[in-house]
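Student: At position 173 of the sequence shown the residue is numbered 176 (the numbering used here), and the sequence of numbers has no breaks.
Mind having a look at this structure? Questions to follow.
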Amino acid sequence: MEVIHNISNYRPQKPAILTIGTFDGVHFGHQKILHNLVVEAKKENLCAIVLTFFPHPRMVLQKETQLKMIDTLEEKTKLLEQLGVEVLIVQPFTMEFSRMTAIEYTRDILVNGIGISKLIIGYDHRFGRNREATVEDLKQFGMDYNFTVEEIPAQDIESIAVSSTKVRNAIDSGEIKKANQYLGRPFSLNGTIVEGDKIGREMGYPTANLEIEEDYKLKPQNGVYLVQTSLVDKKYFGMMNVGKRPTVSGKKTRIETYFFDFKGDLYGKKLRIELLEKIRDEQKFDSLDALRNQLNSDQKSCQKLIPKYL
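The structure is reproduced here in structure tokens:
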């Protein structure tokens, strides 16, 4: 998949079939749209293109927003590639860009910039300055500029009953299994393993401390989770703690994972950790011995669940 940063850098090679959106989470609803895009591109010999925006428009237009993204841009790019998208255009979203009128957006971006022949879009898509234009306006522009618009009807999208907001809410509330069902895959965290204070190692539970570079990435609710990762083409399960570690008077939220049956040095390695189920909430214990006993119990709880993920 070719990734183009900024529409001005794209040079059309053949007519395009396009869909537009932030596609945060690339959930089941998104996957249906993208599947249609790729299938129709092959059938009609068109280039399958996704136009997305970064940062998320709400982050620019609503400065006070606390919105976090289900996927980082890098994570989203990999997911779109796996689905067969040929070109991903990442358009920087700025206040200036947001002020384009609907006709400017259609003429300069969609027609002259991308060279669209067909557009696949949800029934509720709005565009242009102040989101002034509707799908009906797009269809009229299509007649003016010689492209067709395929509208995905409300019942098709709503029958899937998935939205990025629902996924975010599930992750926020610790309902990881529900979030994973919406996503059609495990919610994951990608980062670098950095040194911690080694308290876990002293207790017999050496942990990998994951540092996530992107501060806009959605983090899971504090607590203990069953997780999995792949290291040198082998799957490892483990238990992850997300939180401030109140038993040892921690101040900063950390993401620490103890991998079962793994021996080795992970410092400096990039790791993708997939969350499978939440085991319990974070809690404070009266002593390190009490914490160690709980960790032993947590490990047993996790290991009972592992067979269904093999």
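From the three backbone atoms N, C-alpha and C, an ideal C-beta is built for every residue, glycine too.
Note that this is a predicted model, so its numbers are computed, not measured.
Would the segment 188-206 and the segment 271-279 be scored as touching if the rule is three or more Cβ pairs under 8 angstroms?
Tutor: yes
Student: Within 10 Å of its beta-carbon, does PHE263 have 16 or more other beta-carbons around it, so buried, or fewer, so exposed?
Tutor: As a first step, residue 263 must be located in the sequence shown, where it is residue number 260. The residue is exposed, with fewer than 16 neighbouring Cβ atoms inside 10 Å.
Student: Cβ atoms of ILE258 and MET242: under 9 angstroms apart, would you say?
Tutor: Here the question's residue 242 lines up with position 239 in the sequence shown. Here the question's residue 258 lines up with position 255 in the sequence shown. Cβ distance not < 9 angstroms, so MET242 and ILE258 don't count as in contact.
Student: Excluding five sequence neighbours on each side, which residues of the same chain lie with their C-beta closer than 7 angstroms to the C-beta of ASP175?
Tutor: The residue given as residue 175 occupies position 172 in the sequence shown. Closer than 7 angstroms at Cβ, skipping near neighbours: GLN224.
Student: Among THR151, ASN212, VAL230, PRO209, which has the Cα closest to the Cα of PRO189?
Tutor: Here residue 189 refers to the residue found at position 186 of the sequence shown. With distances taken between Cα atoms, PRO189 lies closest to VAL230.
Student: Below 8 angstroms, can you find three or more Cβ-Cβ pairs linking the segment 58-71 to the segment 102-122?
Tutor: no
Student: Report yes if the CB atom of LEU122 is closer than 9 angstroms to the CB atom of ILE23, and no otherwise.
Tutor: One-based indexing of the sequence shown puts residue 122 at position 119. One-based indexing of the sequence shown puts residue 23 at position 20. Contact flag set, yes.
Student: Can you tell me which residues form a DSSP beta bridge with MET72?
Tutor: Here the question's residue 72 lines up with position 69 in the sequence shown. LYS220, per the DSSP bridge assignment.
Student: Just the Cα atoms here: how many angstroms apart are PHE144 and TYR219?
Tutor: Counting from one through the sequence shown, the residue named residue 144 turns up at place 141. Counting from one through the sequence shown, the residue named residue 219 turns up at place 216. Taking C-alpha positions only, PHE144 is separated from TYR219 by approximately 35 angstroms.
Student: Quick check on VAL6: does DSSP put it in helix, strand or coil?
Tutor: Indexing the sequence shown from 1 puts residue 6 at position 3. Looking at VAL6 - three-state DSSP - the assignment turns out to be strand.
Student: For ASN225, which three-state DSSP category applies?
Tutor: Here residue 225 is taken as the residue at index 222 of the sequence shown, counted from 1. Secondary structure at ASN225: coil, using DSSP grouped into helix, strand and coil.
Student: Between LEU234 and PHE265, how many whole angstroms is the CB-CB distance? I'm expecting something under 8 angstroms.
Tutor: Looking up residue 234 in the sequence shown gives position 231. Looking up residue 265 in the sequence shown gives position 262. Confirmed, Cβ separation roughly 7 angstroms.
Student: How big is the Cα-Cα spacing for GLN184 and LYS71?
Tutor: Within the sequence shown, numbered from 1, the residue matching residue 184 stands at position 181. Within the sequence shown, numbered from 1, the residue matching residue 71 stands at position 68. Cα to Cα, GLN184 sits roughly 20 angstroms from LYS71.
Student: Would PHE57 pass as a contact of VAL93 if the rule is Cβ separation under 9 angstroms?
Tutor: Your numbering for residue 57 matches position 54 in the sequence shown. Your numbering for residue 93 matches position 90 in the sequence shown. In terms of Cβ geometry, PHE57 and VAL93 form a close pair [threshold 9 angstroms].
Student: Confirm, please, whether the CB-CB distance from GLU43 to GLU153 is below 9 angstroms.
Tutor: The residue given as residue 153 occupies position 150 in the sequence shown. The residue given as residue 43 occupies position 40 in the sequence shown. Result yes, Cβ atoms of GLU153 and GLU43 sit closer than 9 angstroms.
Student: Is DSSP giving THR232 helix, strand or coil here?
Tutor: Looking up residue 232 in the sequence shown gives position 229. If DSSP states are grouped into helix, strand and coil, THR232 belongs with the strands.
Student: Select from TYR148, ILE112, PRO209 the residue whose C-alpha is nearest the C-alpha of GLY131.
Tutor: Translated into positions along the sequence shown, residue 131 becomes position 128. For the options TYR148, ILE112, PRO209, the alpha carbon positioned closest to that of GLY131 is the one of ILE112.
Student: Could you compute how far the alpha carbon of ALA19 sits from the alpha carbon of LEU49?
Tutor: As a position in the sequence shown, residue 19 is number 16, starting the count at 1. As a position in the sequence shown, residue 49 is number 46, starting the count at 1. In a straight line, the C-alpha of ALA19 is about 5 angstroms away from that of LEU49.
Student: What does a CB cutoff of less than 7 angstroms around ASN39 pick up in its chain, not counting 5 residues either side in sequence?
Tutor: Taking the sequence shown and counting its residues from 1, the one referred to as residue 39 is at position 36. Correct list, in chain order: ILE123.
Student: Quick one: complete alpha helix (DSSP H) runs, 4+ long, within the segment 128-190?
Tutor: 138-148, 157-163, 167-175, 179-186
Student: List the DSSP bridge partners of ASN244.
Tutor: Here residue 244 refers to the residue found at position 241 of the sequence shown. According to DSSP, ASN244 bridges with VAL227, GLU259.
Student: Could you please give the first and the last residue of the uninterrupted beta strand (DSSP E) stretch that includes GLY125?
Tutor: Reading the sequence shown from its first residue, position 122 is the one you call residue 125. 119-125 is the extent of the beta strand (DSSP E) around GLY125.
Student: Applying the criterion that 16 or more other CB atoms from any shown protein chain within 10 Å of the CB defines a buried residue, is TYR327 buried or exposed?
Tutor: Here the chain has residues from 4 to 313 only, and residue 327 is not among them.
Student: Among the residues of its own chain, which have a CB less than 6 angstroms from the CB of LYS17, if the five just before and after it don't count?
Tutor: Residue mapping note: residue 17 aligns to position 14 of the sequence shown, counting from 1. The answer, listed in chain order, is CYS50.
Student: ILE106 by DSSP, collapsed to three states: which one?
Tutor: For the purposes of this step, residue 106 is identified with residue 103 of the sequence shown, where counting begins at 1. Helix.
Student: Could you tell me the distance, in whole angstroms, from the CA atom of ILE215 to the CA atom of ASP147?
Tutor: Translated into the one-based positions of the sequence shown, residue 215 becomes position 212. Translated into the one-based positions of the sequence shown, residue 147 becomes position 144. Cα to Cα, the separation comes out at about 47 angstroms.
Student: Would GLU178 pass as a contact of VAL227 if the rule is Cβ separation under 9 angstroms?
Tutor: In the sequence shown, residue 178 corresponds to position 175, counting from 1. In the sequence shown, residue 227 corresponds to position 224, counting from 1. At least 9 angstroms separates the beta-carbon of GLU178 from that of VAL227.
Student: Tell me which residues share the same chain as VAL165 and place their Cβ nearer than 6 angstroms to its Cβ, disregarding the 5 neighbours each side in the sequence.
Tutor: Position 162 of the sequence shown holds residue 165. Contacts found: HIS30, PHE31, GLY32, TYR185.
Student: Assuming LEU221 and ILE73 form a contact by the criterion Cβ under 8 angstroms, report the distance between their Cβ atoms to the nearest whole angstrom.
Tutor: As a working note, residue 221 is residue 218 in the sequence shown. As a working note, residue 73 is residue 70 in the sequence shown. Indeed, because the Cβ distance is near 5 angstroms, the residues count as touching under 8 angstroms.
Student: What residue does the beta strand (DSSP E) around VAL90 start on, and which one ends it?
Tutor: Taking the first residue of the sequence shown as 1, we reach residue 90 at position 87. Taken as a continuous stretch (DSSP letters only), the beta strand (DSSP E) holding VAL90 covers 90-95.
Student: Please identify the residue among THR260, GLN85, ARG204 whose C-alpha is closest to the C-alpha of VAL41.
Tutor: As a working mapping, residue 41 is identified with position 38 in the sequence shown. Comparing Cα-Cα distances from VAL41 to each of THR260, GLN85, ARG204, the minimum goes to GLN85.
Student: Return the CA-CA distance between GLY87 and PRO310, expressed in angstroms with no decimal places.
Tutor: Here the question's residue 87 lines up with position 84 in the sequence shown. Here the question's residue 310 lines up with position 307 in the sequence shown. Approximately 31 angstroms between the Cα atoms of the pair.
Student: What residue from LEU269, SER304, GLU280, GLY253 has the CA that sits closest to PHE288's CA?
Tutor: As a first step, residue 288 must be located in the sequence shown, where it is residue number 285. Checked all of LEU269, SER304, GLU280, GLY253; the closest Cα to PHE288 is GLY253.
Student: Would a C-beta distance cut-off of 9 angstroms place GLN302 and TYR261 closer than the cut-off?
Tutor: Along the sequence shown, read from residue 1 onward, the residue named residue 302 stands at position 299. Along the sequence shown, read from residue 1 onward, the residue named residue 261 stands at position 258. Result yes, Cβ atoms of GLN302 and TYR261 sit closer than 9 angstroms.
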